[in-house]
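Chains as they are written, first to last, in the working numbering: chain W, 15 to 428; chain D, 15 to 428; chain S, 265 to 421; chain P, 265 to 421.
For glycine and all other residues, C-beta sits at the position ideal for the given N, C-alpha and C.
Notes to accompany the following structure.
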Amino acid sequence: MNSITRPDSLDVAGIRSAFPILAQSVRGKPLVFLDSAASAQKPRVVIDALCRAMETQYANVHRGLHWMSERTTEAYEETRDAVAGLLNAADRHEIIFTRNSTEAINLVAHSYGRGLLKAGDAVVISEMEHHSNIVPWQMLRDDHGVELRVIPVSDVGELDLDAFDACLADGRVRLVAVTHMSNVLGTYTPAGEIVTRAHAAGALVLLDGSQAIVHRRVDVQTIGCDFYVFTGHKLYGPTGIGVLWGRRGLLERMPPFLGGGDMISSVTMERSTWAEVPHKFEAGTPAILEAIGLKAAIGFVEDVGYEAIGRHEQALTQHALARLDEIEGLHIIGAAPDRGGVISFVMDGAHAHDVATLLDRQGIAVRAGHHCAEPLMQRFGIDSTARASFGVYTSLEEVDVLADTLARVREFFK
Amino acid sequence: MNSITRPDSLDVAGIRSAFPILAQSVRGKPLVFLDSAASAQKPRVVIDALCRAMETQYANVHRGLHWMSERTTEAYEETRDAVAGLLNAADRHEIIFTRNSTEAINLVAHSYGRGLLKAGDAVVISEMEHHSNIVPWQMLRDDHGVELRVIPVSDVGELDLDAFDACLADGRVRLVAVTHMSNVLGTYTPAGEIVTRAHAAGALVLLDGSQAIVHRRVDVQTIGCDFYVFTGHKLYGPTGIGVLWGRRGLLERMPPFLGGGDMISSVTMERSTWAEVPHKFEAGTPAILEAIGLKAAIGFVEDVGYEAIGRHEQALTQHALARLDEIEGLHIIGAAPDRGGVISFVMDGAHAHDVATLLDRQGIAVRAGHHCAEPLMQRFGIDSTARASFGVYTSLEEVDVLADTLARVREFFK
Amino acid sequence: MMFEDLRDLYQEVILDRGRHPRNGSRLAAFDVRAKGDNPMCGDRVEVFVAWDDAGKVAKVGFEARGCAISVASADLMADSVAGLSAAEVRDLAGYFATLARKGSADDIPARFAAAIEGLRALAGVHEYPSRVKCATLPWHALVAALDGAGEASSERD
Amino acid sequence: MMFEDLRDLYQEVILDRGRHPRNGSRLAAFDVRAKGDNPMCGDRVEVFVAWDDAGKVAKVGFEARGCAISVASADLMADSVAGLSAAEVRDLAGYFATLARKGSADDIPARFAAAIEGLRALAGVHEYPSRVKCATLPWHALVAALDGAGEASSERD
Ligand SMILES: Cc1ncc(COP(=O)(O)O)c(C=O)c1O
Ligand SMILES: Cc1ncc(COP(=O)(O)O)c(C=O)c1O
């Protein structure tokens, strides 16, 4: 069989030992967790940060004049600094905490979309978006009369940039909202190029970084985009916290989205006024503990380093593509040159669910279904795929276990 | 000085030992945490539930065909059952997870308010609401032409029910959204009576149970309300999770609020269809770990028992009212007969912030400010209060420490 | 053999029916029909029912996109309900749901003995909670067709 | 004494100025004014400035609802800026912000020596992060008045 095909710059064993769950077995087999694109496992530092906060330093934030509240507010606000650093944001006030990417996109669709767009304006998305970057814009279209345009995807799984230009041509597009990395194909989109073309046509750009930021350093100032969103739980952080970054001037012009405590400047029954950004967009008690956990997760990622993460991901991906390609009857969906550690495939004679169940029986966790990307499924004429996705803790050996087992799955269904 | 005035039915020492943070000292003094109405501390079982999930059993929910995802989905959905049990909901599908109370109220204001109300309909709130139950309705008023009416508060700090009847008289009120317990005055509102009058006038009732559910058993079927909201972090659970309960038929008629993954039935670029409740209202990856923590918190509360919690709260409150009343120059705001463990006061010659800072120096955490209830401050002609609030772990001795220290604070500023 | 322990789930008849369903087509003439879908995984099925003159099921056909389990389940279902009244189909659907969730179903009336025998091949799904819906989806659609509902969705919970 | 360690924060001058501010009223005639508020705690202040013929501050008055720290700070501020130009007031506001946040401020130009002396009583707030804003709020309002902004808000962070 197999072979480790590339030198690996990462101390994968060391990293694995930082993730307690990886020592579990499933159905009597060692867990091989290849579903990180759905949600990543959590390193010890994140678990500890959450526990320590609850054990030693917790109170509600922003409103307390006592020690516990002051310290907890500091910890919460330090996460804002950490995220600003992670994204190289110009200003910490540009970081808004949400529940997840989905809420971040909805915030923009409501506040920017309903607040600043007019009927007849157009929004552009693409055929490879996650439902979370489709449905909010459909709702905006249906409620608010904004036109929705779609960049098609080529056979190799890239955005069709000529078609994108055509979308932009009439100058009515005000916002382009596209993924920075496909959660199905693994394709990275040419963010800088998209921004250049969109800006030239007078449109802003929102990038859905839910997948991209897990694998690559993101510099919003270099990319030049206007909004960037990501979700904590895929970046080795807790659930319940996501991030919207937006240019400060833009955020300041946008009306608030949710109303309530913490987002106001003053309230009378007749009229309320809003706090400054980012607080204007953070109504109610925020995900305090989750922010503390997210800071630890960012620290973890920065300690490993995006350089090493990227090299490791490329090694895994190239190895996996090569190994899966050897399997007769298995077809990988998408073949973009610039792609990362998310691989979708179908198998002749076996539905993706059946493939997933057989793998699960061997302790291997992959996802099967439409991956919240039905339009992309339709584009490729399929109804589902099986998807293996890699994290910083994924080893080449695990990729081999996957490939070897898939070969047997193929036998089983032949 | 002091004296324990009542027998206490609760093993407070035992309960305190379940909260690791209570062993901390602050500024060299033992922590006396009297800010539980802002956010409660977390018992060991909640901390452990979160850690154990991250260490042994975690993946994204609902979409996985593998063991980790199936088990995590089960755990997440079990919390829905636990919440349905806690509220005595008729149907587990009536439980929707949100980030907090604030988001739950905003969900109703958007989905029910913008979806099912028309310009000219009226919504009733009260003068003792938290900003989270004011601002969303103001935004609805301003965006959607719904009239906003306000039930005034009497001098003792109760809702003026005659004025409430007057609000309802013209039959245009479609929704009454009021608190079940004031976070400033500690007053419990007469929920059953409010429901009877509102329903007779053809209006639905939303109760903001953020404070009430911490101290009293809530049975939504007995109360007869139509929506109930609460927030996990005040009920000894994690941040990042709240609950909206609504009658199933009502939820089914309401359009979705946020769009994205997990809330759809099918997506094409032309048109999407929605999943059934509750999923229709839960877009994106939910607060999975937080739900797991919330289940542990509910288990903790049920183990202690609402009976015992209520008795303990009454003992603390009566004792505190008596002790604070002895302090010359200290004035308690509100004197409703049906009230619980939240006490706001002002002190002659000392601003609430200064009071809070002096208490903090002695390790005593109270809140000072407008408590996100500016209209109520205006009603009482003040700009802020200091507020002591009690949890299941609060002891009579701590109340005495507060009272003794406040007497010295009064001296300091005299 | 690597997947020996999966033979309970993927019995020969399942693999066979999943690959080559006997009833896997739209009926040329039918009286009622309904679609079913499982939004979480994308399984879709459409079920067509023709009544006989006595008001019993004459024939069931279906079109499905889905896994071996869901296709085999639809196919075995179509066999099992021939000759039953609408009320009987509803009852049988209930017994089948129990079988799929629990692995067995008690107190099945004698008149369903033959029908349930043909469905037992699917009992193995009960060990795979997320696959139970694959097996029950066609039944949801069938009952929706009888109810005139036109659509059914396999819930997540 | 129980609160002995708070004497750094609540010096006699603070308690006195907090209770009986010398400048705590609206000016009968003023040239610019601005409001400041701290949304988190409800402190409010309105500052009024009258210029002299040379374009320097003739007098500052204020109306405040707030804690001892914020009222005392507003009152001491009013004293400290008399005779300064708008540019000097801005500079002094910067030094004061550092003093409040850090407990001391270096390299203060000699021309501010007297002014800063009067403000040092507030240096104790630096140990109480949430109270720093109480001390700086009147200064934010003053600078907003000079900028013609009309409103200032004391940020939470
Ligand atoms: C009565 C009341 N309603 C609503 C809220 C808002 O809760 P959250 O901030 O968790 O959304 C609170 C607490 O802050 C409250 O006390
Ligand atoms: C590309 C992409 N966008 C958006 C999302 C939504 O993230 P979340 O569910 O955390 O909101 C995901 C993951 O589910 C994703 O992969």
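Query                                                                                                                                                                            : Result
Mind pulling the alpha helix (DSSP H) runs of 4 or more residues that sit fully within the stretch 158–183 of chain W?                                                           : 175–182
Among the residues of its own chain, which have a CB less than 6 Å from the CB of G282(S), if the five just before and after it don't count?                                     : A332, V335, A336
Excluding five sequence neighbours on each side, which residues of the same chain lie with their C-beta closer than 6 Å to the C-beta of V423(D)?                                : V369, L372
Nearest chain P C-beta to F426(D) closer than 7 Å, yes or no?                                                                                                                    : yes
Does chain W have any CB closer than 7 Å to the CB of G306(S)?                                                                                                                   : yes
Identify whether P21(W) lies in helix, strand or coil by the three-state DSSP scheme.                                                                                            : Low confidence applies here, because P21(W) scores a pLDDT of 45, under 50, leaving its location unreliable; read the following figure in that light. Looking at P21(W) - three-state DSSP - the assignment turns out to be coil, as it is neither helix nor strand.
Which residues, taken in chain order from the stretch 34–68 of chain D, show a beta carbon closer than 8 Å to some beta carbon of chain W?                                       : P34, I35, Q38, V40, R41, L45, F47, D49, A52, S53, Q55, K56, V60, I61, L64, C65, M68
Assuming A226(W) and M195(W) form a contact by the criterion Cβ under 8 Å, report the distance between their Cβ atoms to the nearest whole angstrom.                             : 4 Å
List the residues of chain S whose Cβ lies closer than 8 Å to the Cβ of A103(D), in chain order.                                                                                 : Those do not exist, as A103(D) stays about 15 Å from chain S at its closest Cβ, beyond 8 Å.
Tell me the rounded alpha-carbon separation between V59(W) and T93(W).                                                                                                           : 15 Å
Using three-state DSSP, classify V435(W) as helix, strand or coil.                                                                                                               : Past the boundaries of the shown model lies residue 435(W); chain W is included only from 15 to 428, so the question cannot be answered.
Tell me where the alpha helix (DSSP H) around H247(W) begins and ends.                                                                                                           : It is not in any alpha helix (DSSP H) - H247(W) carries neither H nor E in the DSSP assignment.
Would you tell me roughly how many angstroms separate the C-alpha atoms of V380(D) and V149(W), rounded to the nearest one?                                                      : 44 Å
Is it true that the stretch 200–210 of chain W meets the stretch 167–183 of chain W, where meeting means three or more beta-carbon pairs spaced less than 8 Å apart?             : yes
Going by beta carbon distance, what residues of the same chain come within less than 8 Å of F314(D), once the five residues before and after it are set aside?                   : A32, P57, V59, V60, Y250
Could you check whether the Cβ of N442(W) sits closer than 6 Å to any heavy atom belonging to ligand 2?                                                                          : In the structure displayed, chain W extends from 15 to 428; residue 442(W) sits before or after that span and is not available.
Evaluate P373(P) with the Cβ neighbour count: other Cβ atoms within 10 Å of its Cβ, from every protein chain shown; 16 or more gives buried, anything less gives exposed.        : exposed
What in chain W is Cβ-close to R354(P), meaning under 9 Å?                                                                                                                       : Within 9 Å Cβ-Cβ: nothing; R354(P) doesn't reach chain W, min ~20 Å.
For M15(W), name the three-state secondary structure that DSSP assigns.                                                                                                          : Note that M15(W) scores 38 on pLDDT, short of 50, meaning its location in the model is unreliable; the coordinates nonetheless yield the value given after this. Coil, per DSSP.
Please give the ranges of any alpha helix (DSSP H) in the stretch 228–305 of chain W, keeping only runs that are unbroken, at least 4 residues long and fully inside the region. : 234–237, 262–267
Give the DSSP-derived three-state secondary structure of G330(S) in the structure shown.                                                                                         : coil
Tell me, please, whether the CB atom of R420(S) is closer than 7 Å to any CB atom in chain W?                                                                                    : Its pLDDT being 42, under 50, R420(S) is placed unreliably by the model, and nothing is read from it.
Name the DSSP bridge partner or partners of G78(W)?                                                                                                                              : R381(D)
Nearest chain W C-beta to A399(S) closer than 7 Å, yes or no?                                                                                                                    : no
What residues from the stretch 391–407 of chain D come within 9 Å of chain P, judged by C-beta to C-beta, listed N to C?                                                         : M391, D397, S398
Measuring from the CB of H390(S), is there a heavy atom of ligand 1 at a distance below 6 Å?                                                                                     : no
In whole angstroms, what is the alpha-carbon distance linking V228(D) and I378(D)?                                                                                               : 21 Å
Look at the Cβ atom of V318(D), then the Cβ atom of A118(D), and state whether they are nearer than 7 Å.                                                                         : no
Smallest Cα separation from S394(S): which of S279(D), A63(D), S83(D)?                                                                                                           : S83(D)
Give, in chain order, every residue of the stretch 289–313 of chain D whose Cβ lies closer than 7 Å to some Cβ of chain S.                                                       : A289, E290, H293
Consider the C-beta atom of H144(D) and the heavy atoms of ligand 1; say whether any pair is separated by less than 6 Å.                                                         : yes
Determine the burial state of A351(P): buried for a count of at least 16 other Cβ atoms within 10 Å of its Cβ, exposed for fewer.                                                : exposed
Just checking D370(P) against ligand 4 - is the residue's beta carbon closer than 6 Å to any of the ligand's heavy atoms?                                                        : Among the ligands modelled here, namely ligand 1 and ligand 2, ligand 4 does not occur.
Got a sec? Which residues, its chain only, sit under 6 Å from A357(P) by beta carbon, not counting five neighbours each side?                                                    : W403, V407
Closer than 6 Å: is that where the CB of Q225(D) sits relative to any heavy atom of ligand 1?                                                                                    : yes
Out of V219(D), G206(D), A180(D), D184(D), point me to the one whose CA is closest to V192(D)'s CA.                                                                              : V219(D)
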